[in-house]
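Here the sequence shown stands for residues -23 to -1, 1 to 485, numbered as in mature numbering (1 follows the signal peptide of the UniProt record, and there is no 0).
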Amino acid sequence: MTNVLRIIVLTAGFALIGATATADDAVHTNKSKFRIPYRFNEAEMERLGAREVRLYVSTDRGLKWKMAQSVAPATARFLYEADGDGEYWFSVRTIDRAGGMHPATRQLTAGLKVVVDTVQPQLDVKIRRVRPDQVRLSWQGRDAYLDVQSIRLEFQQGQQQRWLPVRVVPQAAGQTAWNVPAGTEVAVRGTIADLAGNTVESSDAIVSSQAENDSPFFDTGTVPLLPPDELDGPIASRRDRYISQDGGSLPQLTPLTMPGRQLPSPQFTSNGSQKAERSQSFGNSSDGLVPDSQPDPIDAGGVRTVGTKQFTIDYQIDDVGPSGIGAVEFFVTQDEGRTWFRYGVDEDRESPFEVEVPSEGAYGFSIRVRSGVGLVDSPPQPGEDPDIAIVVDLTGPKADLFAPEQGRGKNFGRVLLRWTVDDPNPTQKCVSLAYSASPEGPWEPITPWMEDRGGYLWELGTGLPERVFVRLNARDRAGNVTRVVTPEPLTIDLSRPKATILKVAPVR
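Next up, the structure:
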């Protein structure tokens, strides 16, 4: 296939865009044959009496040039086929009726640089168990033109069938670790591409429950490893996880943790399987927060998430005939429409209809209306989609909170708060932070409800207690709220002791 390089050549001199192009301006392609279109000023070409346009190429970065093609001006493009992979510099000249060259300069300069790259990058993805309950993912990509922004990593563990993303800093090499139930099987896979679009995949898995040698996957002397204790969960160290106080632009901050230490287990954990607090009780005055409303649930035709086994379904009946309504029947499915059961009849035949389900899970409902003379559509058939899908979620998110870390140097006066939150039914703004002088409250807000970025850099203000407890609040789409409080207070000390030399005395 011919690749089109959409580069425009301007005016009669055909100076390619970026006539002083640098190596960073190069166009990367994995096709050896490509078109270079150009555009010209017809009036200028007529004035010059242009009879041909020449394309010159250099394969040694401008040391030597040779003419690659000559075309009539109206052709409006060159078709070039490279001899192989490498960097190709292009320059064009217009030849007039008298044989003169425009521009008339002797020295050719590159107006277009093209890197032809047909070789796949290399990617090594490894997963290692560093403790019975902790695994570490390491990756390393290699290519002369690696596109680090294209890195995609996923993991699968235990009995789950779905692949979940591992959020990492886009870079050629790195590592991250997270906690798993002891002995859990974990599989990982990754893809990365180069700037030309060549891609490669790599995967690995661990089955053994025994911890392996904790040596780095690659040479720490040449590869910038991520701090292994940055975050618990499959999230690598990333500067943009420490968001600013106002949620605006991200500060250029040095991570407060240092590489070389082992990843700690979460110090403060709330198990999502425990009974979760409801959002109605969360937004009280002791929190200092105005409770945000949950995202609007999706109505009929989508999925709605509720935090109770008892709920109502609103419905509307159209096209009612003179015989009126004889009955309103509801049908339920728990396997996405593969099997259906008659749930019940709305006795008063008026919306809403009260529903109670036995347990958590996904339910689908469809409605059938019988006319006064007995006319009704057939009940839902196997394979038929429900009118509405409802997820009943009574379990709060699983939330882990790490020990707060006070900053030094550039980060003096800041505290790094880190956490992980996991829930199958997340909402967009699912976490908030608060502090108090007592673990029982009252609580003052550090942040409003915000997106889960795994970390927050708290700018310490004046008037704080000398010792504060920190609380993480995590909620899901159903409104279940989990709270985690640090068991030990953080000592706030912004003083910087100074020493003054009083005198110097000789030692006798």
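Note that CB positions come from ideal geometry on N, CA and C, so glycine has one too. Just so you know, these numbers come straight off a predicted model, no measurement behind them.
At what residues does the beta strand (DSSP E) containing E58 begin and finish? Position 81 of the sequence shown holds residue 58. R54 to E58 is the extent of the beta strand (DSSP E) around E58.
Within 10 angstroms of its Cβ, does Q111 collect 16 or more other Cβ (buried), or is it exposed? Residue numbering aside, residue 111 sits at position 134 when the sequence shown is read from its first letter. Label assigned to Q111: buried.
Contact belief for F308 with P356 at Cβ below 8 Å, rounded distance in angstroms: The residue you call residue 308 lines up with position 331 of the sequence shown. The residue you call residue 356 lines up with position 379 of the sequence shown. Confirmed, Cβ separation roughly 6 Å.
Smallest Cα separation from P422: which of R430, S409 and Y433? Numbered from its first residue, the sequence shown carries residue 422 at position 445. Nearest option by C-alpha distance: S409.
Continuous beta strand (DSSP E) stretch holding A366: start and end: Numbered from 1 along the sequence shown, position 389 holds the residue referred to as residue 366. Element bounds for A366: I365 to V369.
Rounded separation between L437 and G314 - CA only: For this step, residue 437 is matched to residue 460 along the sequence shown. For this step, residue 314 is matched to residue 337 along the sequence shown. Roughly 54 Å separates the two Cα atoms.
Cβ-Cβ separation, I169 to I104 (assumed contact under 8 Å), whole Å: Within the sequence shown, the letter at position 127 stands for residue 104. Within the sequence shown, the letter at position 192 stands for residue 169. Actually they do not touch by this definition, with Cβ atoms about 16 Å apart.
Grab me the residues of S270's own chain with a C-beta within less than 6 Å of its C-beta, minus the 5 sequence neighbours each way, in chain order. Taking the first residue of the sequence shown as position 1, residue 270 is located at position 293. Since pLDDT at S270 reaches only 42, below the 50 mark, its modelled position is unreliable, and no value is offered.
Using a Cβ-Cβ cutoff of less than 7 Å, which residues in the same chain neighbour R38 once the five nearest sequence positions on both sides are dropped? Residue numbering aside, residue 38 sits at position 61 when the sequence shown is read from its first letter. If we look at R38 and ignore the five residues flanking it on each side, its Cβ neighbours are E64 and W66.
If you compare alpha carbons, which of R108, I469, V369 and A455 is closest to G440? Locating residue 440 in the sequence shown gives position 463, where the first residue counts as 1. Measuring from the Cα of G440, the nearest candidate turns out to be I469.
Name the DSSP beta bridge partners of K8, please? Translated into positions along the sequence shown, residue 8 becomes position 31. Answer is none; K8 lacks a bridge partner.
Decide if R74 is buried, meaning its Cβ has at least 16 other Cβ atoms within 10 Å, or exposed. The sequence position of residue 74 within the sequence shown is 97, counting from 1. Exposed, since its Cβ has fewer than 16 Cβ neighbours within 10 Å.
Closest Cα partner of Q358 within the set V350, T372, L371 and F342: For this step, residue 358 is matched to residue 381 along the sequence shown. The residue with the shortest Cα to Cα distance from Q358 is F342.
First and last residue of the beta strand (DSSP E) that includes L100? Along the sequence shown, read from residue 1 onward, the residue named residue 100 stands at position 123. Segment Q99 to R108, the beta strand (DSSP E) holding L100.
Distance CB(P147)-CB(V125) smaller than 8 Å: Here residue 147 is taken as the residue at index 170 of the sequence shown, counted from 1. Here residue 125 is taken as the residue at index 148 of the sequence shown, counted from 1. Yes, Cβ-Cβ distance for P147 and V125 is below 8 Å.
Run of the beta strand (DSSP E) containing E131, from where it starts to where it stops: Here residue 131 is taken as the residue at index 154 of the sequence shown, counted from 1. That run of the beta strand (DSSP E) goes L123 to Q134.
Here's the rule: buried if 16 or more other CB atoms are within 10 angstroms of the residue's CB, otherwise exposed. What is T197? Taking the sequence shown and counting its residues from 1, the one referred to as residue 197 is at position 220. Below a pLDDT of 50, predicted positions are generally treated as unreliable, and T197, at 30, falls in that range; the measurement from the model is reported next regardless. Label assigned to T197: exposed.
Within its chain, find whatever has a CB closer than 7 Å to the CB of Q134; leave out the 5 residues flanking it on each side and keep chain order. Position 157 of the sequence shown holds residue 134. Apart from the 5 residues on each side of it in sequence, Q134 sits with its Cβ closer than 7 Å to the Cβ of V157, T161, E162 and V163 in its chain, given in chain order.
Is L25 helix, strand or coil when you go by DSSP? For the purposes of this step, residue 25 is taken as the residue at position 48 of the sequence shown. Looking at L25 - three-state DSSP - the assignment turns out to be helix.
Looking at the secondary structure, which residues open and close the beta strand (DSSP E) in which G301 lies? For the purposes of this step, residue 301 is taken as residue 324 along the sequence shown, with counting starting at 1. No beta strand (DSSP E) holds G301; DSSP gives it neither H nor E.
I think K286 touches V350, with their Cβ atoms under 8 Å apart; what is that distance to the nearest whole Å? As a first step, residue 286 must be located in the sequence shown, where it is residue number 309. As a first step, residue 350 must be located in the sequence shown, where it is residue number 373. In fact, because the Cβ distance is near 37 Å, the residues do not count as touching under 8 Å.
Using C-beta distances below 6 Å, list every residue in its chain close to L(-14), excluding the 5 sequence neighbours before and after it, in chain order. Reading the sequence shown from its first residue, position 10 is the one you call residue -14. The predicted model places L(-14) with a pLDDT of 35, which falls under 50 and marks its position as unreliable; any figure quoted below should be read in that light. Taken in chain order, the list of residues that qualify is empty.
So the candidates are D60, A27 and D94; which of them puts its Cα closest to the Cα of H5? For the purposes of this step, residue 5 is taken as residue 28 along the sequence shown, with counting starting at 1. Nearest of D60, A27 and D94 to H5, Cα basis: D94.
So, R448 versus V458, is the Cβ gap smaller than 8 Å? Looking up residue 448 in the sequence shown gives position 471. Looking up residue 458 in the sequence shown gives position 481. Cβ atoms of R448 and V458: not closer than 8 Å.
If we count the other Cβ atoms within 10 Å of its Cβ and call it buried at 16 or more, is T316 buried or exposed? Start at 1 with the first residue of the sequence shown, and residue 316 comes out as number 339. Flag for T316 reads exposed.
Between the CA atoms of A451 and A339 - distance to the nearest angstrom: Counting from 1 along the sequence shown, the entry for residue 339 is found at position 362. Counting from 1 along the sequence shown, the entry for residue 451 is found at position 474. Approximately 22 Å, taken between the alpha carbons.
Simplified DSSP state of E19, which is helix, strand or coil: On the sequence shown, position 42 is the one that residue 19 refers to. In the structure shown, E19 adopts helical secondary structure according to DSSP, grouped into three states.
Please report the distance separating the alpha-carbon of Y57 from that of S47. Counting from one through the sequence shown, the residue named residue 57 turns up at place 80. Counting from one through the sequence shown, the residue named residue 47 turns up at place 70. Taking the straight line from one Cα to the other gives about 11 Å.
Let me confirm a value: K90 is counted as buried when at least 16 other C-beta atoms fall within 10 Å, else exposed. Which label applies? Counting from 1 along the sequence shown, the entry for residue 90 is found at position 113. A buried status is given to K90, since no fewer than 16 other beta-carbon atoms sit within 10 Å of its beta-carbon.
Can you give me the start and stop residues for the beta strand (DSSP E) that V112 sits inside? For the purposes of this step, residue 112 is taken as residue 135 along the sequence shown, with counting starting at 1. Its beta strand (DSSP E) spans residues Q111 to R119.
Below 7 Å CB to CB, which residues in the same chain sit around M427 once its five sequence neighbours on both sides are set aside? Taking the sequence shown and counting its residues from 1, one reaches residue 427 at position 450. Within the same chain, M427 has close Cβ partners G224, K406, V408 and S409.
CB Q293 to CB S328, shorter than 8 Å? As a working mapping, residue 293 is identified with position 316 in the sequence shown. As a working mapping, residue 328 is identified with position 351 in the sequence shown. Going by C-beta atoms, Q293 is nearer than 8 Å to S328.
Could you tell me the distance, in whole angstroms, from the CA atom of F330 to the CA atom of V322? Mapped onto the sequence shown, residue 330 falls at position 353. Mapped onto the sequence shown, residue 322 falls at position 345. Rounded to whole angstroms, F330 to V322 spans 9 Å at the Cα level.
Endpoints, beta strand (DSSP E) assigned at E333: Counting from one through the sequence shown, the residue named residue 333 turns up at place 356. F330 to E333 is the span of the beta strand (DSSP E), which, as asked, contains E333.
Give the DSSP bridge partners of T153, in chain order. Against the sequence shown, residue 153 aligns to sequence position 176. Beta-bridge pairing links T153 to L114.
Taking the Cβ atom as the reference point for each residue, do F446 and P466 lie within a distance shorter than 8 Å? Counted from its first residue, the sequence shown places residue 446 at position 469. Counted from its first residue, the sequence shown places residue 466 at position 489. Yes, the Cβ-Cβ distance between F446 and P466 is below 8 Å.
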